[in-house]
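Here's the structure we're looking at; comments come further down.
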Amino acid sequence: MYVCLCHGVSDKKIRQLVLEEGIADMRSIKKCTALGSQCGKCIKQAKLILNETAPQLYKQAC
Ligand code: FES
């Protein structure tokens with residue numbers, strides 16, 4: 001599903017950035033995708049996905 005319609009960023013893309021690239025903070029995700037840089041309506045949903053996915057990254061690392 002698309003999280004950021006303005007920039008075409010999906011939940012899958014966010015999860016991929018976290019789990020495959022190790023990008024686990026909003027600032028870096030915004031920098032990589034431009035998410036949230038237009039209307040900003042996607043920020044809340046993106047944070048939820050990030051908060052849900054980031055712990056999986058730390059589980060992989062341990
Ligand atoms: S939906 Fe993400 S900036 Fe508009």
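Take the sequence shown: its letter number 35 is residue 35 in the UniProt record's numbering, and every next letter is one higher.
Cβ atoms here follow ideal geometry from the backbone N, Cα and C, with glycine treated the same way.
Where does residue i fall in DSSP's three states?
i	result
C32	helix
Out of the options, which has the shortest C-alpha to C-alpha gap to residue i?
i	options	result
G8	P55, L50, E52, A46	A46
V3	C62, P55, C39, L19	C39
A34	L57, N51, Q56, I14	I14
C6	R27, K41, Y58, D25	K41
Determine the burial state of residue i: buried for a count of at least 16 other Cβ atoms within 10 Å of its Cβ, exposed for fewer.
i	result
G36	buried
Considering only residues of the same chain and omitting the five flanking positions on each side of residue i, which have a CB-CB separation below 7 Å?
i	result
I23	L17, I29, C32
Q56	L19
Can you determine whether any heavy atom of the ligand FMN sits closer than 7 Å to the C-beta of residue i, and answer yes or no?
i	result
L35	Looking at this structure, you won't find the ligand FMN anywhere; what it does contain is the ligand FES.
Might you give, ordered along the chain, the residues of its own chain that have their beta carbon closer than 6 Å to the beta carbon of residue i, omitting 5 neighbours on each side?
i	result
D11	M1, V3, I49
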